[in-house]
Each structure stands twice: as C-alpha cells, then as structure tokens.
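J.: Questions regarding the structure given below will be posed in turn.
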Amino acid sequence: MSHRDAAQHPEPPPEWSSFSLGIFTIHAYAICILVGIVVALVLTSRRLTRRGAEPGVAVDIALWAVVFGIIVARLYHVFTHPGDYFGEGKNLWAILFIWEGGNAIFGSLIGGAIGAYIGCRITGVRFWTFADALAPGMLLAQAIGRLGNWFNHELFGQPTNLPWGLEIESSNPAFPVGLADGTLFHPTFLYEILWNVFGAVLLLLIEREWRLQWGKLFALYLIWYGLGRIWFESIRVDPSQIFFGLRVNVEAAILAVLIGIVIFVVQRRRHPGVEPGPYVPGREWGRDDQVESRYTAEDFERPGDDDDQESAEVPATSSASPRSGSTRL
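The sequence shown lines up with residues 1 to 329 when you count with my numbering.
Below you can see the structure in the form of structure tokens.
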C-alpha cells in the first residue's frame, strides 16, 4: 500500500493477537470477552440490587449462565462449521480448542438462557427480572467482545471504497479469491459495536420512560440485536453454512426477532402491570432473617406497653415483605 493510500485509509488491524505470560498464551479475543462479561455483570448486578435483590446474587446466576453460554456457543459454532472439524485430515480434538476462536453468539444466547434459568431457580430470582436487568449489559458485552474480531482480522464484510474500509492481508483464509492486495472491506464488527452501544443506551431510555418489566425489555433486546445481525451477517464474506439460501446466522437473527416479538406480545397481555418484586413468592431475600431478628421469646413475654408496641410493629413488618402473586417466572 502506498504512503498516499495509507494516509487516506485507517491503519490495518494490529499485527498481534496474543502475547505470552510465562507458560500461558493470552489472546486479545479472550481479554475482550472477559472484559465484556465483567461489564455486563457489574451493570446487571447494580440493576438487580436497585430492584431489591440481594447484592451479589447476579454473580450466582451469572456463573451458571457463563458456563452454559460458553459450552453451547462452542457447540453451535462447531455444528454450523462442520467442515472445520469433521472429515478426512481434520483433528476432532480441535472441537475443544476454544482458544483458537470459534464461539457463536447465538449459541451463547441459548446456553446462557438455560444457565440463567437454572441459576434463577436456585436463587429464587424471577427469570424475567434477571433477563430485563441483563439486557442492556448484554449489548455492551457483545460490543466489547466484537473488538476481539479486530485483533483476529476476522468477520469483515464485502469490499468497499468507503474511507473507513478495513485492509485485510490477502493471506487471510477468508480473503475472497480474485481480489487484489490492498482491497478494503466493510468492518462489520465495527458496525455491530456501534449498533450494540446505541441499542444499550436506547433500552435504558425506553425502560426509564415506560418501565418495561416481565421480560418486555429483554424482548426488545432480542428484536434490536436480531435486526442488526440480519444486515451484518448478510454482507459478511467469511465461510458459513447456507440453508434455504441464507447464512445460518441470518436465519438465527430472524428467529431472534420473532421470539422477541412473541415474548413482548405475550408478556404484555399476561402481565400489563409491574412486577411485585425480584423474587418469586416465598423466596424473598432476608425474609426469614428479618422476622427472626425482630422478635425473640423475651419480646412476647413483656407485659403492658411493650406488648402494644410490638403488636403495632407487626403490620409494618408484614407490609415490608414483597407482595404475593403468581409463582410464574
């Protein structure tokens, strides 16, 4: 690339994507994923705590969500790219080499949802409460994770003459055959970063204005993210399985939009009001501890004015407990 061309276009992706730390190799992509998880966890935890949940309960749920998310994300990638792992000359053990890349976001959504449901059942937090608290953080996590694609020189789009076009080395396995060195491509991962960050801000504003609960905010997340991925996936040039004339991730994005619409419509009809609390009835945080700490055997043995005072406090304690309601998650 000439000096003049280099002055007109952004620098190509960084030459390095990992570094050594003793016997370990630290990959930039993994760092981006971990930073994204931490950001999402911190934001989700703060949002759950403001709803009245126990501080730190988001971590308990997230442990299940992250583990299942990683496993299913890898499986989703493997089975949508079978040519990379199955067949003559392929190393089947490479399925386990997640550090080499290949973790599908749609797979992480499926696995994460399963893990989050398990975590919510264990902790007593309503699944939809957790999902709504997670929605903006998920978009931010996905935006940060997309930076890893820049370090890996991957997931770019069709050729373009736009000034922000991305230069990719012709030796890249995804470089289209027949194109000249120095060809610029759409940085689809950058488009997704901007789309997700804007979407996170939009969800927070919508929630503040309309107080969406019962999974409705999470439904909007699915719709927003799915709409963006339909376009981003449509202009990418990396190899992908094709079903019915569409890339498999385009079909997954369409499905995400449809699921989001169904969740929003159904939950709006079933739950037009606000949630009674972040916990299912009978699983409220500190419910038993609060009652035991306020009353002892000595309190009930006091005669006279003390009895009247304790009796007057009982309704206040009862009203402080979260309201009863449906046990549905």
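Built from N, CA and C at the ideal position, the CB exists for glycine as well.
1. Got a sec? Which residues, its chain only, sit under 8 Å from Ile230 by beta carbon, not counting five neighbours each side?
2. What would DSSP say about Glu167, mapped onto helix, strand or coil?
3. Using only alpha-carbon positions, find the residue among Leu166, Leu63, Gln142, Tyr225 that is nearest to Ile122.
4. Do you know how far the Cα of Ser20 is from the Cα of Pro278?
5. Can you find the residues in the same chain that come closer than 8 Å, C-beta to C-beta, to Arg211, ignoring five residues on each side of it along the sequence?
6. Quick check on the burial criterion: 16 or more other C-beta atoms within 10 angstroms. Buried or exposed for Ala180?
7. Reducing DSSP to helix, strand and coil, say where Phe106 ends up.
8. Any idea what DSSP makes of Val125, helix, strand or coil?
9. Grouping DSSP H, G and I as helix and E and B as strand, with all else coil, what is Leu246?
10. At what residues does the beta strand (DSSP E) containing Ser20 begin and finish?
11. I'd like the span of the beta strand (DSSP E) that includes Thr25, first residue to last.
12. Could you tell me the alpha carbon to alpha carbon distance between Arg247 and Tyr85, rounded to whole angstroms?
13. Could you pull the start and end residues of the alpha helix (DSSP H) that Tyr191 belongs to?
14. In three-state DSSP terms, what is Gly56?
15. Keeping to the same chain, check which residues put their C-beta closer than 6 Å to that of Leu204; ignore five residues upstream and five downstream.
16. Go to Ile95, then tell me how far its alpha helix (DSSP H) extends in each direction, as first and last residue.
17. From Val291 to Val42, what distance separates their C-alpha atoms?
18. So, under 8 Å CB-CB, Phe175 and Pro159 are touching, yes? Tell me the CB distance rounded to an integer number of Å.
19. Rounded to a whole number of angstroms, what is the C-alpha to C-alpha distance between Ile168 and Asn103?
20. Going along the chain, which residues of its own chain have a beta-carbon closer than 6 Å to the beta-carbon of Leu134, five neighbours each way excluded?
21. So if DSSP puts Leu220 in a beta bridge, which residue, or which two residues, is it bridged to?
22. Ordered along the chain, which non-local residues of its own chain (more than five positions away) have a Cβ less than 6 Å from that of Asn149?
23. Is there contact between the segment 103 to 118 and the segment 70 to 80, where contact requires at least three CB pairs shorter than 8 Å?
24. Quick check on the burial criterion: 16 or more other C-beta atoms within 10 angstroms. Buried or exposed for Trp224?
25. Whose CA, out of Ile242, Ala28, Ala219, Ala131, lies closest to the CA of His153?
26. Rounded to the nearest angstrom, how far is the Cβ of Gly215 from that of Ala131, given a contact under 8 Å?
27. Quick check: Arg146 and Ile193, are their CB atoms within less than 8 Å of each other?
28. Could you name the residues of the same chain whose beta carbon sits closer than 8 Å to that of Asp308, not counting the 5 residues immediately before and after it, in chain order?
29. Roughly how many angstroms lie between the CA atoms of Ser18 and Gly124, to the nearest whole one?
30. Using the Cβ count rule (16 or more neighbours within 10 Å means buried), how would you classify Glu207?
31. Within 10 angstroms of its Cβ, does Ile144 collect 16 or more other Cβ (buried), or is it exposed?
32. Between Asn172, Gln142, Ser240, which lies nearest to Trp195 when the distance is taken from Cα to Cα?
T.: Once the coordinates are examined:
1. Working through the sequence shown from its first residue, we reach residue 230 at position 230. Cβ within range, chain order: Val250, Ala253, Ile254, Val257.
2. Within the sequence shown, residue 167 is the residue found at index 167, counting from 1. Strand, per DSSP.
3. Position 122 of the sequence shown, counted from the start, is the residue given in the question as residue 122. Here the closest residue by C-alpha is Leu63.
4. Indexing the sequence shown from 1 puts residue 278 at position 278. Indexing the sequence shown from 1 puts residue 20 at position 20. Rounded to whole angstroms, Pro278 to Ser20 spans 44 Å at the Cα level.
5. As a position in the sequence shown, residue 211 is number 211, starting the count at 1. Hits under 8 Å: Val274.
6. Locating residue 180 in the sequence shown gives position 180, counting from the first residue. Exposed is the call here.
7. Sequence index remark: in the sequence shown, residue 106 carries index 106 (1-based). Phe106: helix per DSSP, three-state reduction.
8. Here the question's residue 125 lines up with position 125 in the sequence shown. If DSSP states are grouped into helix, strand and coil, Val125 belongs with the strands.
9. For the purposes of this step, residue 246 is taken as the residue at position 246 of the sequence shown. Looking at Leu246 - three-state DSSP - the assignment turns out to be strand.
10. Here residue 20 corresponds to residue number 20 of the sequence shown, with the count starting at 1. Segment 18 to 21, the beta strand (DSSP E) holding Ser20.
11. Here residue 25 is taken as the residue at index 25 of the sequence shown, counted from 1. First-last of the beta strand (DSSP E) with Thr25: 24 to 27.
12. As a working mapping, residue 247 is identified with position 247 in the sequence shown. As a working mapping, residue 85 is identified with position 85 in the sequence shown. So the alpha carbons of these two residues sit roughly 19 Å apart.
13. What you label residue 191 is simply residue 191 of the sequence shown in a count that begins at 1. Looking at the DSSP string, the run of the alpha helix (DSSP H) that includes Tyr191 is 188 to 210.
14. Residue numbering aside, residue 56 sits at position 56 when the sequence shown is read from its first letter. Coil at Gly56, not helix or strand.
15. Residue numbering aside, residue 204 sits at position 204 when the sequence shown is read from its first letter. Only Pro136 meet the Cβ criterion.
16. Taking the sequence shown and counting its residues from 1, the one referred to as residue 95 is at position 95. Taken as a continuous stretch (DSSP letters only), Ile95 belongs to no alpha helix (DSSP H), as it is neither H nor E.
17. On the sequence shown, residue 291 is found 291 positions in, with the first residue counted as 1. On the sequence shown, residue 42 is found 42 positions in, with the first residue counted as 1. Caution is warranted here: a pLDDT of 35 is assigned to Val291, below 50, making its placement in the model unreliable, and no coordinate value can be reported.
18. Here residue 175 corresponds to residue number 175 of the sequence shown, with the count starting at 1. Here residue 159 corresponds to residue number 159 of the sequence shown, with the count starting at 1. Actually they are not in contact, since the Cβ atoms of Phe175 and Pro159 sit about 11 Å apart, beyond 8 Å.
19. Here residue 168 corresponds to residue number 168 of the sequence shown, with the count starting at 1. Here residue 103 corresponds to residue number 103 of the sequence shown, with the count starting at 1. Distance between the alpha carbons of Ile168 and Asn103: 21 Å.
20. To locate residue 134, count along the sequence shown from 1; it is residue 134. Thr44, listed in sequence order.
21. Start at 1 with the first residue of the sequence shown, and residue 220 comes out as number 220. Paired residues: none, contrary to the question.
22. Against the sequence shown, residue 149 aligns to sequence position 149. Answer for Asn149: Leu155, Phe189, listed in chain order.
23. yes
24. Within the sequence shown, numbered from 1, the residue matching residue 224 stands at position 224. So Trp224 counts as buried.
25. Taking the first residue of the sequence shown as 1, we reach residue 153 at position 153. Considering only alpha carbons, the answer is Ala28.
26. Within the sequence shown, the letter at position 215 stands for residue 215. Within the sequence shown, the letter at position 131 stands for residue 131. At roughly 6 Å, the Cβ-Cβ gap stays under 8 Å, so Gly215 and Ala131 are in contact.
27. By one-based count along the sequence shown, residue 146 stands at place 146. By one-based count along the sequence shown, residue 193 stands at place 193. Contact: yes.
28. Within the sequence shown, residue 308 is the residue found at index 308, counting from 1. With a pLDDT of 42 at Asp308, under the threshold of 50, the modelled position of this residue cannot be trusted; read the value that follows with caution. For Asp308, where only same-chain residues beyond five positions count, there are no Cβ hits under 8 Å.
29. The residue given as residue 18 occupies position 18 in the sequence shown. The residue given as residue 124 occupies position 124 in the sequence shown. Ser18 and Gly124: Cα-Cα distance of roughly 40 Å.
30. Working through the sequence shown from its first residue, we reach residue 207 at position 207. Glu207 comes out buried.
31. Position 144 of the sequence shown, counting from 1, holds the residue named residue 144. Buried.
32. Sequence index remark: in the sequence shown, residue 195 carries index 195 (1-based). When only C-alpha atoms are compared, the closest one is Gln142.
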